[in-house]
Amino acid sequence: MSINLENTLFCGQTFAWSKQGEVFQAIVDGRVIEIDETNFPSTIAHDSKLRQYFDMDYEYENAESILSERDPYLASCIKDYGSIHILNQDPWEVLMSFLLSQNNNIKRITSMYKRLSETYGKQLDANHYTFPRPEELLVVTEADFRKLGMGFRAPYLVDAVANHQLLQDIPSLDFSSAMQHLKIIKGVGDKVASCILLFAYHRMEAFPLDTWMLKVMKARYPSKDATFFAPYAALAQQYLFHGERTSKGGK
DNA sequence: GGCCAGGCCCCAG
DNA sequence: CTGGGGCATGGC
2 MSINLENTLF CGQTFAWSKQ GEVFQAIVDG RVIEIDETNF PSTIAHDSKL RQYFDMDYEY
62 ENAESILSER DPYLASCIKD YGSIHILNQD PWEVLMSFLL SQNNNIKRIT SMYKRLSETY
122 GKQLDANHYT FPRPEELLVV TEADFRKLGM GFRAPYLVDA VANHQLLQDI PSLDFSSAMQ
182 HLKIIKGVGD KVASCILLFA YHRMEAFPLD TWMLKVMKAR YPSKDATFFA PYAALAQQYL
242 FHGERTSKGG K
């Protein structure tokens, strides 16, 4: 099964994409990327960076079939949503995005992400801005972030800028050490840390539990945890999360 | 107009 | 170690 772009890009793992008509667009690796279902294969064909970003070489076929065998509800999600890929995103952007995410909703996270880009990022053309690198945020204060509507997350963003270099240590750490290391940053708890490990470092044992996931776990898997979905817990989580948000969960 | 959103910090027990 | 209040803001 080939990647489902709509569900992959709008399942809450990234806040960088927008859609106009049939065209998805975002800034990836400093470039304006515009794709649709038709030109996607040719766009990524000779672009190893994008192939990696879209995680085209992972064993999704096997993972989906194993998860489908393990649980009928999951099977129906996979059938309905198609192949959702876990993107390989830039760690810094994921850290900042999920600091914004706490006690927040996807629509507003997206607009806050955009506001940071338009205020502190580099302008590429008329209406495209890169997400600001930590170096571009060194002089930004908590008050500045609050003025931009970042609310109580403002001090967390400042702390993330100051500590951004610890992201470099993550690849060499085992899962629980990496979790602990990320949690040095203020505003990073279990949930945000596991999102970073999943969406930037592709750690498939991650199992982010937000309000939606807690709801579906309680309703459908009361005596189970991430181990039930191993070794593809993260992928299962993404389908279950999407199912709740699109209110398939009630059915 | 309350309620809630991909939570976490901080402080009481 | 666990539980609960508080936190900014906007969409619904």
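If you use the working numbering, the first sequence closes out at 252, no skipped numbers anywhere. Backbone N, C-alpha and C fix where the C-beta goes; we use that ideal spot for every residue, glycine too. These figures come from a predicted structure and were not determined experimentally.
Looking from the CA of Q169, the closest CA among A144, R52, D91 and M57 belongs to D91.
Contact check between the segment 125-143 and the segment 40-52: fewer than three CB pairs, one atom from each, fall below 8 Å, which does not count as touching. Separation of the CB atoms of M205 and L236 is rounded to 7 Å, and the pair is thereby assigned contact status at 8 Å. The beta strand (DSSP E) runs of length 3 or more contained entirely in the segment 172-204 do not exist; there are none. Per DSSP, the beta-bridge partners of K20 are F25. Scanning its chain for C-beta atoms nearer than 8 Å, with the 5 sequence neighbours on each side dropped, one finds around I67 the residues Y233, in chain order. Between the segment 93-112 and the segment 5-20, the count of C-beta pairs closer than 8 Å reaches three or more; the two stretches touch.
For Q238, the closest of S3, C12 and E62 by C-alpha to C-alpha distance is C12.
If you check the CB distance, I28 and Y121 do not come in under 9 Å. Boundaries of the alpha helix (DSSP H) harbouring E119: I107 to Y121, taken from the DSSP string. Taking the Cβ atoms as the reference, L100 lies roughly 6 Å from R154, within the contact range of under 8 Å.
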